[in-house]
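Asker:
In this note's numbering, the protein residues as written are 704 to 872.
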């Protein structure tokens, strides 16, 4: 109960900040699949916690390697925040736009998709295109199942009701 209220508080504060205002915008007519909000909350908590321990280790005059380790851990928290902001998949009736951790966008159209590979151990589905490119959809992210269903339906519509071929591992 406490964690849920803390998450809601942090999210409401973050959404009012400049970073939060631009994080979940998408063009009109697009749906999106993105990392869950708790990724942001864990990133913020990690940054604050590790930076606090960093300051304490400096005040207590700990050996040099101790503050360095805490700075590295705070970078992990920053990476969670960046991933929450950047990693997403936008889709509509015409195309799929995958945005990577570094903000690079890859565009795919539905008639390029030729097969998929489902990995039950990692809850990911990897889609392959005719030109060898691929993109992954993590089923643990918000609304990922709707994208999966949408891709399968588009494939059936474009290929006379054929099932999307499965690649063997």
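The beta-carbon is built from N, C-alpha and C at its ideal position, and this holds for glycine as well. Keep in mind that this is a model prediction, so the values were computed, not measured.
1) Using only alpha-carbon positions, find the residue among 753, 788, 756 and 838 that is nearest to residue 794.
2) Pull the bridge partners of residue 816 from the DSSP assignment, please.
3) Using DSSP's beta-bridge definition, name the partner residues of residue 760.
4) Could you tell me the distance, in whole angstroms, from the CA atom of residue 708 to the CA atom of residue 833?
5) Which of the three DSSP states is assigned to residue 793 in this structure?
6) Nearest CA to the CA of residue 734: which residue from 869, 847 and 814?
7) Ignore the nearest five residues each way along the sequence and tell me which others in residue 771's own chain have a CB closer than 8 Å to its CB.
8) Should residue 870 and residue 818 be called a contact, given that it needs their Cβ atoms to be closer than 7 Å?
9) Quick check on the burial criterion: 16 or more other C-beta atoms within 10 angstroms. Buried or exposed for residue 782?
10) Alpha carbon to alpha carbon, how far is residue 813 from residue 792?
11) Just to confirm my understanding: we take residue 844, look at its own chain, exclude 5 residues before and 5 after, and list those with CB closer than 7 Å. What are they?
12) Just verifying my parser: in three-state terms, what is the DSSP assignment at residue 837?
13) Going straight from the alpha carbon of residue 825 to that of residue 842, what length do you get?
14) Using DSSP with H/G/I as helix, E/B as strand and the rest coil, what is residue 804?
15) Going by DSSP, what residue range makes up the alpha helix (DSSP H) through residue 857?
16) On a CA-only basis, which of 802, 777 and 798 is nearest residue 789? Give me that one, please.
Answerer: Considering the structure as presented:
1) In the chain shown, counting from the first residue as 1, residue 794 sits at position 91. Cα-wise, what sits closest to residue 794 is 838.
2) Against the chain shown, residue 816 aligns to sequence position 113. Answer by DSSP bridge pairing, in chain order: 832.
3) Indexing the chain shown from 1 puts residue 760 at position 57. Note: residue 760 sits in no beta bridge, so no partner.
4) Counted from its first residue, the chain shown places residue 708 at position 5. Counted from its first residue, the chain shown places residue 833 at position 130. Near 46 Å, if we compare the C-alpha coordinates of residue 833 and residue 708.
5) Translated into positions along the chain shown, residue 793 becomes position 90. DSSP places residue 793 in strand when its eight states are reduced to three.
6) As a working mapping, residue 734 is identified with position 31 in the chain shown. When only C-alpha atoms are compared, the closest one is 847.
7) Looking up residue 771 in the chain shown gives position 68. Closer than 8 Å at Cβ, skipping near neighbours: no residue.
8) Here residue 870 corresponds to residue number 167 of the chain shown, with the count starting at 1. Here residue 818 corresponds to residue number 115 of the chain shown, with the count starting at 1. Yes, these two residues count as a Cβ contact at 7 Å.
9) What you label residue 782 is simply residue 79 of the chain shown in a count that begins at 1. Result: exposed.
10) For the purposes of this step, residue 813 is taken as residue 110 along the chain shown, with counting starting at 1. For the purposes of this step, residue 792 is taken as residue 89 along the chain shown, with counting starting at 1. Between residue 813 and residue 792, the C-alpha separation is close to 14 Å.
11) Within the chain shown, residue 844 is the residue found at index 141, counting from 1. Correct list, in chain order: 736, 737, 738 and 739.
12) Position 134 of the chain shown, counting from 1, holds the residue named residue 837. If DSSP states are grouped into helix, strand and coil, residue 837 belongs with the strands.
13) Translated into positions along the chain shown, residue 825 becomes position 122. Translated into positions along the chain shown, residue 842 becomes position 139. Each residue's alpha carbon lies about 9 Å from the other.
14) On the chain shown, residue 804 is found 101 positions in, with the first residue counted as 1. The answer is coil: DSSP assigns residue 804 none of H, G, I, E or B.
15) Sequence index remark: in the chain shown, residue 857 carries index 154 (1-based). It spans 847-861 - the alpha helix (DSSP H) in which residue 857 sits, taken as one unbroken run.
16) Against the chain shown, residue 789 aligns to sequence position 86. Closest by alpha carbon: 802.
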